[in-house]
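Under our numbering, read the sequence shown as residues -10 to 71, first letter to last.
Positions of the beta carbon are idealized from the N, C-alpha and C atoms, including for glycine.
This one's a predicted model, so the numbers in the text were calculated from it and none came from an experiment.
To keep things clear, I will list the structure first and then write my remarks on it.
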Amino acid sequence: MEQSKPADYYTAKEVADRMGVSKMTIYRMVNTGQLPGAVRFGRSLVRVHKITFDLWLAELQDQGAGDGGRTAADMDDFITEA
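Take a look at the structure:
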């Protein structure tokens, strides 16, 4: 079985920047199980598998395109709706 490398994962900050939300929103999503590919190391270190996250984000953006599209600023509301 092939092991994952640190380069295969985004940090919580990188995910937050890509989504246009705060790091705290990312931590909330991890705690509630709303962020696929998220892995916790200890109490506070979070990493998100790049491929899983990228596919999930693309799917969210495709879903949003049907209702006029979503901007990064809308992502906080969109995430809590899911």
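Which residues mark the beginning and the end of the alpha helix (DSSP H) in which Arg36 is found?
On the sequence shown, position 47 is the one that residue 36 refers to. It is not in any alpha helix (DSSP H) - Arg36 instead sits in the beta strand (DSSP E) that spans 34 to 38.
By the three-class DSSP mapping on this structure, what secondary structure does Asp51 have?
The sequence position of residue 51 within the sequence shown is 62, counting from 1. Three-state DSSP puts Asp51 in a helix.
At what residues does the beta strand (DSSP E) containing Ala27 begin and finish?
As a working mapping, residue 27 is identified with position 38 in the sequence shown. 27 to 30 is the extent of the beta strand (DSSP E) around Ala27.
Within this structure, are the beta carbons of Val37 and Gly26 separated by less than 7 angstroms?
Working through the sequence shown from its first residue, we reach residue 37 at position 48. Working through the sequence shown from its first residue, we reach residue 26 at position 37. In contact: Val37 and Gly26 (Cβ atoms closer than 7 angstroms).
Alpha helix (DSSP H) containing Asp98: first to last residue?
Examination of residue 98 is not possible in this model, given that the chain is present from -10 through 71 alone.
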